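Beneath this line is the structure, given in structure tokens, with notes to follow.
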Amino acid sequence: MNWRIATGALLAMAASTQDGFAADPRYPDWPCAQAKVPEISVAAVWAGPSLDDVQDKWKDDARISALVAKLAARRTPVTDAEKDIKEFLAGSSAKVASGKVLFSGLFDTLNAQRSSVMMGLERVTRKQREAAEKIRSDSIDLQGLQSASPPDQIKIDQLSNQLLWETRIFEDRRSVVKYVCEVPTEIDQRLFALGRTIQQEIE
Amino acid sequence: MWRDRLLSGLVAWLAAAAPTQAYDAYVSNEKSNTVTVIDTEKWGVTDTIKVGQRPRGIEFTRDGRFVMVAVGDDDRIEMIDTATRKVVDTLPSGPDPELFVQDAAGKILYVANENDNTVTVIDLGRRVRLGDIQVGVEPEGMTMSPDGKILINTSETTNMAHFIDTSTRQIVANVLVDARPRFAKFKSDGSELWVSSEIGGTVSVIDPAKHAVTGKIEFNISGLRREAIQPVGIDITKDGKTGFVALGPANRIAIIDAATHTVTKYLLVGQRVWHMAFTPDEKYLLTTNGVSNDVSVIDVAAQKVIKTIQVGELPWGIAMSPR
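Taken in sequence, the protein lines are chains A and B.
Take 1 as the starting number for the first sequence in the numbering used here and just add one per residue.
Take 1001 as the starting number for the second sequence in the numbering used here and just add one per residue.
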């Protein structure tokens, strides 16, 4: 009896999850409440001198590419990263040129980081959709087993247990997704803050 | 007799010797449910005040004793005592208040309630609700003409600026502007009304006497798609010569020649720049930047950002102490 109520609830949950996807029809797999902005444009974060002449130069400069990796890492607090930028540019003989190269490296790296997080989120959405489908069909099977006479208690227990795990994984993933949805915005914030520091230093 | 003269001399001397005037800016943080207080002399945060849920519209009472803040998810307006910096009272509004405006005397408050298509009228002295005015769908921007006779309310869905006669509380004119009008501002001489359209990407210049759009301010930032330019907050210097428009996710403030209605400069400030306030001497303009969670300080004469101050999460509105 208890299990019948539980499977009913599971069915309802699986159904509601499917309806919950895709607020923006252009991105059916996007699971976040935050709007999906596929790419950051340079102009949204940079009002300094043109970067056309420095494209990819950061990759050829070992010192700058090491600095880019450090500043782009989420474990580096933004305030520390800003300090590093100031120190680096203060010690540079060609401030403007170095600032441009550094920013171009940060822009490429953080934009790529952002895209991979967003792709991961969409991959999880597709997995969740499959998981919801599995939970739905297992619940229907369980209902069938329960209404058979005589009921096969061993099979019922097995399937109940399986459903419990499937549900737990589904729920865990859902809470992780909610947390990861914040990451693209955090990357935007980092890129903007670091870009602003560079611009102030080379002005 | 000469003692009086000495005294008045002393007062004048003291006034002259006083350091540069410091003001308090109060910033509403929509997501962290707090109000941040910034000291404009030190350019630092001096206090963080806990308020109700989803604080947005924020204003000082005319006497400077209270700061009113609309807490939309709690369906009311809270009053912060500026001496103790605590919420001491509430005002009744309709559901989901967002922005409000007071009359010139500071006696009547008009509140736009986003969810029920009304403007609530509140007696500030007695702190009671006097009535409601039916307006367009999803009322949003609110402003008062300098002579106090006309209240402007913009409607997000019908794309109109409604002109409301404050003596009869009736709508006397509707002016169509571009999509999703967000904010409205009069020039201090009442000669022009500017209305920003978030989706339309323009600011309409309206002749308030003729109730007609006479010009449009357009924005163009190379490398940015049109839809990334979303005008919201507006302010205009008292001399009516220079306008400032916040461009949302374009992360910039546009500086406008208010005679020709053209952009003279764009300043990169912070992410999703929303509203702004001048210091009373108009030396500085402070902007709230919702996504970067900070406030930018612009030197108005130099047209430069001189400082960035971290505040709470999702800063939305800003109010400056009158003295």
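All residues carry an ideal CB built from backbone N, CA and C; glycine is no exception.
This one's a predicted model, so the numbers in the text were calculated from it and none came from an experiment.
Indicate whether at least one CB of chain B lies closer than 9 Å to the CB of residue 196 of chain A.
Position 196 of the first sequence, counted from the start, is the residue given in the question as residue 196 of chain A. Cβ-Cβ to chain B under 9 Å: yes for residue 196 of chain A.
What distance in whole Å lies between the Cβ atoms of residue 1298 of chain B and residue 1287 of chain B, which are believed to be in contact at a cut-off of 8 Å?
Locating residue 1287 of chain B in the second sequence gives position 287, counting from the first residue. Locating residue 1298 of chain B in the second sequence gives position 298, counting from the first residue. With 8 Å as the limit, residue 1287 of chain B and residue 1298 of chain B qualify as a contact, their Cβ atoms being about 7 Å apart.
Starting from the beta carbon of residue 41 of chain A, find every residue of chain B whose beta carbon is closer than 8 Å, and list them in chain order.
On the first sequence, residue 41 of chain A is found 41 positions in, with the first residue counted as 1. Chain B residues near residue 41 of chain A: 1223, 1224, 1225 and 1228.
Do you know offhand how far residue 142 of chain A's Cα is from residue 161 of chain A's?
Within the first sequence, residue 142 of chain A is the residue found at index 142, counting from 1. Within the first sequence, residue 161 of chain A is the residue found at index 161, counting from 1. Their Cα atoms are separated by approximately 11 Å.
Between which residues of its own chain and residue 1064 of chain B is the CB-CB distance below 7 Å, once the five residues before and five after are set aside?
If you number the second sequence from 1, residue 1064 of chain B lands on position 64. Here the set comprises 1082, 1321, 1322 and 1323.
Looking at the strands, I want to know which residues DSSP matches up with residue 157 of chain A.
Your numbering for residue 157 of chain A matches position 157 in the first sequence. According to DSSP, residue 157 of chain A bridges with nothing at all.
Give the interface partners of residue 1292 of chain B over in chain A, defined as CB-CB distance under 7 Å, in chain order.
Position 292 of the second sequence, counted from the start, is the residue given in the question as residue 1292 of chain B. Per Cβ cutoff of 7 Å: 189, 192 and 193.
If residue 1037 of chain B sits next to residue 1319 of chain B, beta carbons under 8 Å apart, how far is it from one beta carbon to the other, in whole angstroms?
In the second sequence, the residue the question calls residue 1037 of chain B occupies position 37. In the second sequence, the residue the question calls residue 1319 of chain B occupies position 319. So it is not a contact: roughly 10 Å between Cβ atoms.
Looking only at C-alpha atoms, which of B/1249, B/1033 and B/1305 sits nearest to residue 35 of chain A?
For the purposes of this step, residue 35 of chain A is taken as residue 35 along the first sequence, with counting starting at 1. Looking at the Cα atoms, B/1249 is the closest of the given residues.
What are the uninterrupted segments assigned as beta strand (DSSP E) that are 3 or more residues long and contained completely in the region 1066-1119 of chain B, given in chain order?
Counting only runs that start and end inside the region 1066-1119 of chain B, the beta strand (DSSP E) elements of at least 3 residues fall at 1066-1071, 1076-1081, 1086-1092, 1097-1102 and 1108-1113.
Would you mind sorting residue 1246 of chain B into buried or exposed? The rule is 16 or more other CB atoms within 10 Å of its CB.
Indexing the second sequence from 1 puts residue 1246 of chain B at position 246. Per the 10 Å Cβ criterion, buried.
With a threshold of 9 Å between beta-carbons, can residue 1284 of chain B be considered close to chain A, or not?
Position 284 of the second sequence, counting from 1, holds the residue named residue 1284 of chain B. Not an interface residue.
Mind reading off the beta-carbon distance from residue 1273 of chain B to residue 1289 of chain B? Whole number of angstroms is fine, and I expect it under 8 Å.
Locating residue 1273 of chain B in the second sequence gives position 273, counting from the first residue. Locating residue 1289 of chain B in the second sequence gives position 289, counting from the first residue. About 5 Å separates the beta carbons of residue 1273 of chain B and residue 1289 of chain B, which is inside the 8 Å limit, making them a contact pair.
Let me know if residue 1306 of chain B comes out buried or exposed under the rule of 16 or more other beta-carbons within 10 Å of its beta-carbon.
Taking the second sequence and counting its residues from 1, the one referred to as residue 1306 of chain B is at position 306. Under this definition residue 1306 of chain B is an exposed residue.
Does the separation of the CB atoms of residue 74 of chain A and residue 186 of chain A fall below 9 Å?
Mapped onto the first sequence, residue 74 of chain A falls at position 74. Mapped onto the first sequence, residue 186 of chain A falls at position 186. Yes, Cβ-Cβ distance for residue 74 of chain A and residue 186 of chain A is below 9 Å.
Alpha helix (DSSP H) containing residue 1054 of chain B: first to last residue?
Taking the first residue of the second sequence as 1, we reach residue 1054 of chain B at position 54. No alpha helix (DSSP H) contains residue 1054 of chain B, which DSSP labels as neither H nor E.
Is residue 1250 of chain B close to chain A? Criterion is C-beta to C-beta, closer than 9 Å.
Here the question's residue 1250 of chain B lines up with position 250 in the second sequence. Residue 1250 of chain B counts as touching chain A.
Please classify residue 55 of chain A: is it buried, with 16 or more other beta-carbons within 10 angstroms of its beta-carbon, or exposed?
By 1-based counting over the first sequence, the position of residue 55 of chain A is 55. When all chains shown are included, residue 55 of chain A counts as exposed.
In the DSSP assignment, find the unbroken beta strand (DSSP E) run with residue 245 of chain A in it and report its ends.
Residue 245 of chain A lies beyond the stretch modelled for chain A, which goes from 1 to 203, so this question has no answer here.
In its own chain, which residues sit with a C-beta less than 8 Å from the C-beta of residue 1030 of chain B, not counting the 5 before and 5 after it?
Here residue 1030 of chain B refers to the residue found at position 30 when the second sequence is read from its first residue. Excluding sequence neighbours, residue 1030 of chain B sits near 1054, 1055, 1056, 1290, 1313, 1314, 1315 and 1316.
Please classify residue 40 of chain A: does DSSP put it in a helix, a strand, or coil?
Locating residue 40 of chain A in the first sequence gives position 40, where the first residue counts as 1. Reduced to three states, the DSSP call for residue 40 of chain A is coil.
Starting from the Cα of residue 1191 of chain B, find the closest Cα among B/1199, B/1258, B/1180 and B/1208 and give me that residue.
If you number the second sequence from 1, residue 1191 of chain B lands on position 191. Among B/1199, B/1258, B/1180 and B/1208, the Cα nearest to that of residue 1191 of chain B belongs to B/1208.
Can you tell me which of the three DSSP states residue 125 of chain A falls into?
Locating residue 125 of chain A in the first sequence gives position 125, where the first residue counts as 1. Residue 125 of chain A: helix per DSSP, three-state reduction.
In this structure, what does DSSP give as the bridge partners for residue 1284 of chain B?
One-based indexing of the second sequence puts residue 1284 of chain B at position 284. Partner(s): B/1299.
Does the Cβ-Cβ distance between residue 1228 of chain B and residue 1200 of chain B come in under 9 Å?
As a first step, residue 1228 of chain B must be located in the second sequence, where it is residue number 228. As a first step, residue 1200 of chain B must be located in the second sequence, where it is residue number 200. No, the Cβ-Cβ distance between residue 1228 of chain B and residue 1200 of chain B is not below 9 Å.
Which of the three DSSP states is assigned to residue 1322 of chain B in this structure?
Stepping through the second sequence from its first residue, residue 1322 of chain B is reached at position 322. It is coil, neither helix nor strand.
Below 9 Å between beta carbons: does that hold for residue 181 of chain A and residue 25 of chain A?
Mapped onto the first sequence, residue 181 of chain A falls at position 181. Mapped onto the first sequence, residue 25 of chain A falls at position 25. In this structure, residue 25 of chain A does not lie closer than 9 Å to residue 181 of chain A by Cβ.
Any idea what DSSP makes of residue 75 of chain A, helix, strand or coil?
Reading the first sequence from its first residue, position 75 is the one you call residue 75 of chain A. Coil, per DSSP.
Can you give the Cα-Cα distance for residue 1238 of chain B and residue 79 of chain A, rounded to whole angstroms?
Counting from one through the second sequence, the residue named residue 1238 of chain B turns up at place 238. Counting from one through the first sequence, the residue named residue 79 of chain A turns up at place 79. C-alpha separation (whole angstroms): 38 Å.
Does residue 88 of chain A come out as helix, strand or coil in the three-state DSSP assignment?
As a working mapping, residue 88 of chain A is identified with position 88 in the first sequence. Of the three classes helix, strand and coil, the one that applies to residue 88 of chain A here is helix, per DSSP.
In chain order, which continuous runs of the beta strand (DSSP E) of length 3 or greater are located wholly inside the region 1128-1182 of chain B?
1128-1134, 1139-1144, 1150-1155, 1160-1165 and 1170-1176
Using the Cβ count rule (16 or more neighbours within 10 Å means buried), how would you classify residue 1396 of chain B?
In this structure chain B extends from 1001 to 1323, so residue 1396 of chain B is not present and cannot be described.
Between which two residues does the alpha helix (DSSP H) containing residue 58 of chain A stretch?
For the purposes of this step, residue 58 of chain A is taken as residue 58 along the first sequence, with counting starting at 1. Residue 58 of chain A: member of the alpha helix (DSSP H) spanning 57-60, first to last residue.
Tell me which residues share the same chain as residue 60 of chain A and place their Cβ nearer than 7 Å to its Cβ, disregarding the 5 neighbours each side in the sequence.
Mapped onto the first sequence, residue 60 of chain A falls at position 60. Answer for residue 60 of chain A: no residue qualifies.
Taking Cβ-Cβ distances shorter than 9 Å, what residues in chain E pair up with residue 45 of chain A?
Of the protein chains in the structure, A and B, none is chain E.
Can you find the residues in the same chain that come closer than 8 Å, C-beta to C-beta, to residue 1198 of chain B, ignoring five residues on each side of it along the sequence?
Stepping through the second sequence from its first residue, residue 1198 of chain B is reached at position 198. The beta carbon of residue 1198 of chain B sits closer than 8 Å to those of 1179, 1180, 1181, 1182, 1230, 1231, 1232 and 1248, all from its chain and outside the five residues before and after it, given in chain order.
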